[in-house]
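Notes to accompany the following structure.
Number of protein chains: 2
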Amino acid sequence: MKLAIAQLNPIIGDLTGNAQQILDAAKIAAARGVSLLLTPELSLCGYPPRDLLLNPSFVESMATTLAQLASELPPSLAVLVGTVTPNPHALVAGGKPLFNTIALLKSGKVQQIFYKRLLPTYDVFDENRYFESGHESNSFTIEDGGIGEVGAKESFSLSPHSPIKIGVTICEDLWNDEEFWGKRSYQVNPLADLAREGVDLLVNLSASPYSLGKQKLREAMLQHSAKRYQTPILYANQLGGNDDLIFDGSSVAFNSAGEIVCRARAFETDLVIVEFDEVRKDLVSGSIAPAPDGEEAQIWQALVLGVRDYGKKCGFKKVVLGLSGGIDSALVAAIATAALGADNVLGILMPSPYSSAHSIADALALAQNLGIETHTLRIGDLMAGYDRTLAPLFTGTEFGIAEENIQSRIRGNLLMAIANKFGYLLLSTGNKSEMAVGYCTLYGDMNGGLAVISDVPKTRVYSLCQWLNSGRLGNEGMGNISNRQIIPENILHKPPSAELKPGQVDQDSLPPYDILDDILYRVINQHQSASQIMAAGYDSTVVNQVLRLVARAEFKRKQAPPGLKVTDCAFGTGWRMPIACRRY
Amino acid sequence: MKLAIAQLNPIIGDLTGNAQQILDAAKIAAARGVSLLLTPELSLCGYPPRDLLLNPSFVESMATTLAQLASELPPSLAVLVGTVTPNPHALVAGGKPLFNTIALLKSGKVQQIFYKRLLPTYDVFDENRYFESGHESNSFTIEDGGIGEVGAKESFSLSPHSPIKIGVTICEDLWNDEEFWGKRSYQVNPLADLAREGVDLLVNLSASPYSLGKQKLREAMLQHSAKRYQTPILYANQLGGNDDLIFDGSSVAFNSAGEIVCRARAFETDLVIVEFDEVRKDLVSGSIAPAPDGEEAQIWQALVLGVRDYGKKCGFKKVVLGLSGGIDSALVAAIATAALGADNVLGILMPSPYSSAHSIADALALAQNLGIETHTLRIGDLMAGYDRTLAPLFTGTEFGIAEENIQSRIRGNLLMAIANKFGYLLLSTGNKSEMAVGYCTLYGDMNGGLAVISDVPKTRVYSLCQWLNSGRLGNEGMGNISNRQIIPENILHKPPSAELKPGQVDQDSLPPYDILDDILYRVINQHQSASQIMAAGYDSTVVNQVLRLVARAEFKRKQAPPGLKVTDCAFGTGWRMPIACRRY
């Protein structure tokens, strides 16, 4: 029997468009003789729909669209679709008004519905905000008999062999194996419940966002579960960028021995077919796409997808960004070029009297390497204009942060003017290290619709650029970037500087980036205390300085654009800190 | 027996300072012969601590600080303190790692701890993100015997009368009465459980944020519960502004007949004492502070508190804001003056060639009424500077949104320069109607550390100003604002305009504000669909325009400063919408 995974890229809230994607995949699958098609979690509305779910008419539209989709699907095919359904008992028994649901569509109708049992409410996830937990094990049976014949409510006929019992889980339902994690996160383990009941195949419909190393972790966990329960697992993941979250796809199948038998492509939509042996009751074969090769390749692909989808889903064809001649804007320009094509990227050089000659030369060399258009707008005239305008208030004060920020905000204003005038999306280019310590100007270089590398620490910015220059990007057809040096050597080797006053370099204000980034990782991703970080060998003055800077920059991060999440703790929807606060 | 409520204003994360506040209140209460003192929910760390709770060392510090506080408290007094404790069974049994806890401190020690049972996870609340629900009813007994003698673990001696059994609930634990609400939100009702067990007194430690009408609702609910269970209720609420949330205090006590016997002040810290009659087992008397009189008075006091606390808790003494001569900045200036005093408010006038003469005159008249300092910085020179700088790109294009936004961003840059130079907090002045439809400039008039009226619809901005001018502010000692006309008549009566091009008025782009605000209320606060709103008599073109504008402005709201919440649905931590989205 052929099973398939449609690794789709939905647009949040676009029920009609998303249903069409499912229908298109179903038609292809049916033509290839597939019996059961999996789509990702909440495939009808896209994940995460967030507070769209608070609108009852949105939930009603999902029911209507689902029924319409069921009626249009090829009759030979059973399809598992992710949707949201009302909790009929909420008002009387208490509980959240909705369930995160999988609908089994077959023969023109919704045959069964299954409720998600484990609801992630941590990091970027807010499922307890909307959903009630399902309390029952979820399964259905594919029985012997003619195709398209629907049997009892809980089974339908597809195959001439003995019935196949399929256990249905939704994303988090699979993430509570106390053997694998060494702890429990939830009281129940839906997988163990299904194994106790005895199922021939486990399916999981997911929307699991990318972070570095996540796919390795997922596959290790799935392998462990397949082996532990001696049951094959078919895992369908969502694809695509949705605001700060990037879903990497990489849907995968393991046989009952825990061997991988199929993997969909990473960072691209896909439709993969895998064979289920009805005699041996096991997944036997499928195509195995390679996993991304190395950390830099993974992050690169994630960021390219994130930029492409944010632009597309927000309706932008072209992007604009400031090119400072520094490494951050160089990397973002390269990512944008790979995502959208060189013709759709506009670089703006905005030198000031404090800019060094190499900044302009380096930025132009980069633009030439990428093949993108640039314009140069000098900001000295505007700086003088602000000086004149503010003179009644500022005369007699010393040049300082205020004047540095004015420069950055002039650039931010020019970039937004261009974005507004031509309908381009402005990309902001700040890295995670800057965002963490507040080494960035609110309403200046932080301006933009999307913060492309705000979850990429400075040291990783360097390693990504080195990787890019090493030619390992290969022939994967990423935009117009070909297999040669992209980032001019001088950009890689000069000391980082904001160039907001003469001779300024980042290390005037900050610890060296290798030290800073390690401390930041301990603070942000590992929630270490000052004493723990000092115990790792760092100087207490430096540690306390960094902790204070991170706490004090919260007001800036609050007003930052959405930033693409590529680590396990980003400054985005999963970072919820008070501003008016006294911690350090 | 005397019971007391310390209606405290904690700083989030400031464990030492908050413990000191509790200690100070306890000393006063002990001196007045109080036996039991209540403090608000999470009084040790302040509510909401948000992701500070993810740092294990923060939770450890709370235990240390709590033990220290217990050792310092007057020995005659029992104190209920809100804190966070680890869930010892989390790793083995599954579940969140923490409990939202009340500690009963007496005789130098933590005598008992009680876990919150109902965890709000909606609107601004994220408690399921951190906490596990308590599963047991919470109570303790005050027994006959000498003061300071501690009896069994679950009781201690305070009174010569028969034991008094006190049921302990934490905030949401009280908010699930199916009779009062006509529905259940949670499966269990901790109040009903306690009533079944039989308690002589119910206490509730809360951190219930203000929204319009909330206190009336709280009191109606408490009254209902007191009567239903024929049990007196003592309700302690937090006070103070914490980022977007304003806690209004208004702690209150009801006797077993549902009659109010005590009310603490609204929008101010307080320490109130209420007598418990040990024979009749009822609350009998206390002082009853007046509830705020009318909607405008409530909102005014909330906003004044919100500004004062945000400034104070972030370490700002002075604020700066742009004075356009319009009604929004006039209201914000008045609020800031009431909050911080006229000497601490700086108004900046930034007229352009498109500004009308009355704008400057009106702004100056307002500043004179308030007694605040102003400076005037003309932006025409900078506008010309941007035109010159952008000419290579913009020549041949028509004046439009890009040019309008440049003006707003010049002003935003000037205001931030002044804020940065002198260490002032910039207040942004946009109202909720603008924020809803995006009639505001990102990085321009949206700039600021705090959006004072971003949850106040334009029609309410008018009614607040009219109320202010009516002299009903009274003698409550709000800053330097005295009992006379504050907002110049011309500001109240001229048509609203952004003055970003000649002759522009808001109603060129938007429906009249009374229509717009009602549609917005239906969309935002009531989650109505387009067809529901049309059924209320609105034109479909207007409704669809508004729905589209609201959806399209999400990217702006994402980057807005925290805005003081005064309605039941604000664009703040309780508003979580996708940006890249296709809904309308």
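Order-wise, the sequence lines are chains A and E.
Okay, so the first sequence: first residue is 921 according to my numbering, each after it adds one.
Okay, so the second sequence: first residue is 921 according to my numbering, each after it adds one.
Backbone N, C-alpha and C fix where the C-beta goes; we use that ideal spot for every residue, glycine too.
Exposure of residue i, with buried meaning 16 or more beta-carbon neighbours within 10 Å
i: residue 1368 of chain A; result: buried
i: residue 1172 of chain A; result: buried
i: residue 1380 of chain A; result: buried
i: residue 1445 of chain A; result: exposed
i: residue 1350 of chain E; result: buried
i: residue 1031 of chain A; result: buried
i: residue 952 of chain E; result: exposed
i: residue 1456 of chain E; result: exposed
i: residue 1373 of chain A; result: buried
i: residue 1054 of chain E; result: buried
i: residue 1361 of chain E; result: buried
i: residue 1498 of chain E; result: buried
i: residue 946 of chain A; result: buried
i: residue 1314 of chain E; result: buried
i: residue 1332 of chain E; result: buried
Own chain, CB closer than 6 angstroms to residue i, minus 5 neighbours either side, in chain order
i: residue 927 of chain E; result: 1159, 1169, 1171, 1184, 1189 and 1190
i: residue 1203 of chain A; result: 1152, 1173, 1175, 1181, 1194 and 1196
i: residue 1100 of chain A; result: 1141 and 1144
i: residue 1282 of chain E; result: 1245, 1408, 1410 and 1411
i: residue 950 of chain E; result: 994, 996 and 997
Proximity test, Cβ basis, 8 angstroms: residue i and chain E
i: residue 1442 of chain A; result: no
i: residue 1317 of chain A; result: yes
i: residue 1091 of chain A; result: no
i: residue 1341 of chain A; result: yes
i: residue 1501 of chain A; result: yes
i: residue 1429 of chain A; result: no
i: residue 1387 of chain A; result: no
i: residue 1267 of chain A; result: no
i: residue 1169 of chain A; result: no
i: residue 1309 of chain A; result: yes
i: residue 1163 of chain A; result: yes
Contact with chain A by residue i, beta-carbon distance below 8 angstroms
i: residue 1313 of chain E; result: yes
i: residue 937 of chain E; result: yes
i: residue 1363 of chain E; result: yes
i: residue 1302 of chain E; result: yes
i: residue 971 of chain E; result: yes
i: residue 1261 of chain E; result: no
i: residue 974 of chain E; result: yes
i: residue 1404 of chain E; result: no
Spatial neighbours of residue i in its chain, beta-carbon cut-off 7 angstroms, leaving aside the 5 residues before and after
i: residue 1050 of chain E; result: 973, 1016 and 1018
i: residue 1216 of chain A; result: 1383, 1384 and 1387
i: residue 1465 of chain A; result: none
Own chain, CB closer than 8 angstroms to residue i, minus 5 neighbours either side, in chain order
i: residue 1434 of chain A; result: 1379
i: residue 931 of chain E; result: 937, 938, 966 and 1233
- Item | Ordered list of alpha helix (DSSP H) runs contained in the region 1324-1406 of chain A, each at least 4 residues | Runs of the alpha helix (DSSP H) inside the region 1324-1406 of chain A: 1352-1357 and 1378-1389.
- Task: Would you mind listing the alpha helix (DSSP H) stretches within the region 1216-1281 of chain E that are 4+ residues and don't spill past its ends, in chain order?
- Result: If we require 4 residues or more, the alpha helix (DSSP H) runs fully inside the region 1216-1281 of chain E come out as 1247-1260.
- Item | Length at least 3, wholly inside the region 974-1030 of chain E: the beta strand (DSSP E) runs in chain order | Correct list: 998-1006 and 1018-1026.
- Query: Taking Cβ-Cβ distances below 8 angstroms as the criterion, which residues of the region 1470-1490 of chain E are in contact with chain A?
  - Reply: Listed by position along the chain: 1475, 1478, 1479, 1480, 1481 and 1482.
- At a Cβ cut of 9 angstroms, what residues of the region 1123-1152 of chain A count as close to chain E, listed as they run along the chain? Hits within the stretch: zero.
- At a Cβ cut of 9 angstroms, what residues of the region 1087-1120 of chain A count as close to chain E, listed as they run along the chain? Going along the region 1087-1120 of chain A in chain order, one finds 1096, 1098, 1102, 1103, 1104, 1105, 1106, 1107, 1108 and 1109 with a Cβ nearer than 9 angstroms to chain E.
- Task: May I ask you to list, following chain order, the residues of the region 1210-1237 of chain A that have a beta carbon less than 8 angstroms from some beta carbon of chain E?
- Result: Listed in sequence order: 1229, 1230, 1233 and 1234.
- Interface positions of the region 1328-1356 of chain E facing chain A (Cβ-Cβ less than 9 angstroms), listed along the chain: Going along the region 1328-1356 of chain E in chain order, one finds 1329, 1330, 1332, 1333, 1334, 1336, 1337, 1338, 1339, 1340, 1341 and 1342 with a Cβ nearer than 9 angstroms to chain A.
- Task: Output, in sequence order along the chain, the residues in the region 1032-1052 of chain A whose CB is closer than 8 angstroms to any CB in chain E.
- Result: Within the region 1032-1052 of chain A, the qualifying residues are 1041, 1042, 1046, 1048 and 1049.
- Task: Compile a chain-ordered list of the residues in the region 1011-1025 of chain A whose CB is closer than 7 angstroms to at least one CB of chain E.
- Result: Listed in chain order, the positions of the region 1011-1025 of chain A with a beta carbon within less than 7 angstroms of a beta carbon of chain E are 1011, 1012, 1013, 1014 and 1015.
- Going along the region 1271-1298 of chain E in order, which residues come within less than 9 angstroms of chain A, judged by CB to CB distance? Listed in sequence order: 1295, 1296, 1297 and 1298.
- Tell me the start and end of each unbroken alpha helix (DSSP H) in the region 1420-1448 of chain E that is at least 4 residues and wholly inside, in chain order. The qualifying runs are 1433-1440.
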